[in-house]
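Chains A and B, in that order, give the protein sequences.
For what it's worth, the working numbering labels the leading residue of the first sequence as 1, then goes sequentially.
For what it's worth, the working numbering labels the leading residue of the second sequence as 1, then goes sequentially.
To start, the structure under review is shown below, and the notes come after it.
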Amino acid sequence: MIVAKRKPFDEIRQLLKGYKKVLNVGCGTCVAVCLAGGEKEVSVLNAELDMAGKLDDNPIEIAGITIERQCDREYLEALDSKVGNYEVLLSMACGAGVQFLAERYPQIPVLPAVDTTFIGVNQAVGWYEERCRSCSSCVLGHTGGICPVTMCAKGLYNGPCGGTNKGSCEIDANQPCAWYMIYERLKGQGRLDCILEITPPNDWQNQIPRTVIQPGYSKPETTAK
Amino acid sequence: MKSGSNLEKILKAGHFAFTGELGPPRGTGAEEVRHKASFLKGMVDSVNITDNQTAVVRMSSWAASLIVLQEGLEPNYQMVCRDRNRLAMQSDILGAYTLGIRNMLCLSGDHQKFGDHPQAKGVFDVDSMQLIGMVKKMRDEGKFLGGAEILNPPQIFIGAASNPFADPFEWRVHRLAKKIASGVDFIQTQCIYNMEKFRAFIKQANEMGLTEKVYILAGVTPMKSVGMAKYMKSKVPGMDVPDEIIKRLQGVDKTKVADEGIKIACEQIEEFKEMKGVAGVHLMAIEWEHKVPEIAERAKVLPRPVID
Ligand code: SF4
């Protein structure tokens, strides 16, 4: 899932400076699961903003709504009848959700309340770790299911580098060396031949905005720009 | 001849090579480079010019290489993957070759987190293995990585590093094999202190026939002090300093520690001269350039052979 963390409170207040009528829009998917921008986080942030406004003698009118997914048109529709009553929208969705919201209501400023951080896994409640950089050319098939692009500090395709230190990465003794793990896992599987081959320079595909159209589908005329 | 560099000629003729290292200054001006180079001239076959070593900004490696070249010393131009993408790398290689640089050392580079700009974006567009292959393609096929023809392709003697001590130890020789398959001509190793482990590494490389395909220069850095030895042991990633080395330095009079460090280095060099599979020594006397003549003398590697 996509993992985000809430922006510092002061930064959110700074972004909202001058606005009196705010609608905070949460998202019920990834950011809700990682406890950053779901229904609960929307009400907590709104309570804090409300309180801070009152303490400052500068009360604001703030409402909250959480929709299933901000990256999906179908769910955004529910907002159409509401947004007109507000000067600004605060979004607690990931960067994709924020942009989709802004795209739908181009007349209204849309401000992010979270920092989108990574694609990762849930290690325990409240503890998430990055696992994927969405590079568009997955090599996990020959790296033992461990991503060198994400997990190696240098993103090496032909590691390990000379800095590997007793299984740790050179950047930090607490950070496992991705290539050490790759080696150990492939050795255990008897598949070290997978990394004997030289991986050629990568064809970077994440340097321009990417579009995916699955086989059998096409861009609908109505939504194409 | 692949490049006709002095280093290549020395190695090809079967001489025991001796190379040095020089770090460019943190500022402008050629004087510091010339000063350091003056100690190395006539003492080494080629001198590595480091590229933003330890991720700290310094004068560019190619610029310092050119100053060294003016001083009559042959540079070994180091290039790290951390700071430039494939376009910048290839254009620097064209420029460097055009202005007389003939040796290159292809490195991944220390992570930017260690340096003076830890906020920097690490490039790592290609890794050291891929950089070797790219330089080889430029030289042997006369083509850029992207496939287009190069006008007057650069003839570079291609080097790379090898750390025989980093984990996983059993993989290191295979990594060396990969670098050879990528097209490397010579290897300079990480500083060696654990001779037992190095002997095992070279033995494996010999058995796999690797030492017939590549020239291996054993890395040597004399210890200046007990503090340096302890620091290298505990703080430098991938460095293997056995306790005996520290004990031996501690065992001599305080005024004699540096001398003992040089003595250890010379003993190592004597062993390397006899070691099957080792083609020379790379002396990294970090900020100790003025000691290189004494070390070269005591290691009995002088005079350096001259080949036309
Ligand atoms: S130590 Fe391992 S994880 Fe760290 S940069 Fe080197 S290869 Fe990558």
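Ideal placement from N, C-alpha and C gives every residue a C-beta, glycine not left out.
The contact set of Leu-145(B) on chain A, defined by CB atoms closer than 9 Å, consists of Pro-201 in chain order. One Cα belongs to Val-98(A), the other to Gly-163(A), and the distance between them is close to 40 Å. At a cut-off of 8 Å between beta carbons, His-290(B) makes no contact with chain A.
Taking one beta carbon from each stretch, the region 154 to 168 of chain B and the region 144 to 164 of chain A have 3 or more pairs nearer than 8 Å; the two touch. Per DSSP, Tyr-215(B) is one residue of the beta strand (DSSP E) stretching across 215 to 220. Residues of the region 138 to 156 of chain A whose Cβ lies closer than 7 Å to any Cβ of chain B, in chain order: Ala-153, Lys-154, Gly-155, Leu-156.
At a cut-off of 7 Å, the beta-carbon of Leu-156(A) counts as near the ligand SF4: some heavy atom of the ligand is closer than that.
Taking the Cα positions, Tyr-215(B) is about 26 Å away from Glu-71(B). Contact annotation: the region 46 to 54 of chain A does not touch the region 98 to 112 of chain A, with fewer than three C-beta pairs closer than 8 Å.
A straight line joining the alpha-carbon of Arg-175(B) with that of Leu-196(A) spans about 8 Å.
Here DSSP, grouped into helix, strand and coil, assigns Ala-63(A) to strand. Secondary structure at Lys-21(A): strand, using DSSP grouped into helix, strand and coil. Burial is judged here by how many other beta carbons sit within 10 angstroms of a residue's own beta carbon; Arg-58(B) has at least 16 and is buried. Within chain A, the residues Pro-201 have their CB atoms less than 7 Å from the CB of Val-126(B), given in chain order. Bridge pairing for Gly-280(B): Ala-17(B), Leu-217(B) [DSSP]. Annotation for Asp-83(B): no beta strand (DSSP E) segment contains it, and DSSP assigns it neither H nor E. In this structure Thr-255(B) is exposed. Its beta-carbon is surrounded by fewer than 16 other beta-carbon atoms within 10 angstroms. The residue among Arg-82(B), Ala-160(B), Gln-155(B), Gly-29(B) with its C-alpha nearest the C-alpha of Gln-53(B) is Arg-82(B). One thing to note: Glu-39(A) has its Cβ no nearer than 8 Å to the Cβ of Gly-53(A). Per DSSP, the unbroken alpha helix (DSSP H) holding Phe-39(B) starts and ends at 31 to 40. Residue-level contact check: Thr-164(A) touches chain B, since one or more beta carbons of chain B fall below 8 Å from its beta carbon. Cβ neighbours of Ala-296(B) within its own chain (closer than 6 Å, five residues either side excluded): Met-43, Leu-302. Ile-307(B) is positioned such that its CB atom lies no closer than 8 Å to that of Lys-36(B). Between Gly-115(B) and the set Ile-150(B), Ala-55(B), Trp-62(B), Gln-155(B), the nearest pair of CA atoms involves Ala-55(B).
If you ignore the 5 residues before and after Ser-182(B), its C-beta comes within less than 6 Å of the C-beta of Met-129, Ile-132, Gly-133, all in its own chain and listed in chain order. Of all residues in the region 171 to 185 of chain B, those with a C-beta nearer than 7 Å to a C-beta of chain A are Trp-171, His-174, Lys-178, Ala-181, Ser-182, reading in chain order. In this structure, the CA atom of Asn-202(A) is about 21 Å from the CA atom of Met-181(A). Annotation for Gln-99(A): the continuous alpha helix (DSSP H) segment containing it runs 95 to 104. Per DSSP, Glu-48(A) lies in no beta strand (DSSP E) segment; the continuous alpha helix (DSSP H) that holds it begins and ends at 39 to 55. Contact between the region 70 to 78 of chain A and the region 111 to 128 of chain A is absent: fewer than three C-beta pairs spanning the two stretches fall below 8 Å.
Judged by beta-carbon spacing, Val-25(A) lies within the 8 Å limit of Leu-79(A), meaning their Cβ atoms are closer than that value.
The beta carbon of Glu-260(B) is closer than 6 Å to those of Leu-249, Val-252 in its chain, skipping five residues each way along the sequence. Three or more Cβ pairs closer than 8 Å define a contact, and the region 92 to 112 of chain B falls short of that threshold against the region 125 to 140 of chain A.
A direct Cα-to-Cα measurement between Val-126(B) and Arg-69(A) gives close to 37 Å. Between Ile-171(A) and chain B, the shortest Cβ-Cβ separation is below 8 Å. Distance between Ala-161(B) and Leu-217(B), taken at the CA atoms: about 9 Å.
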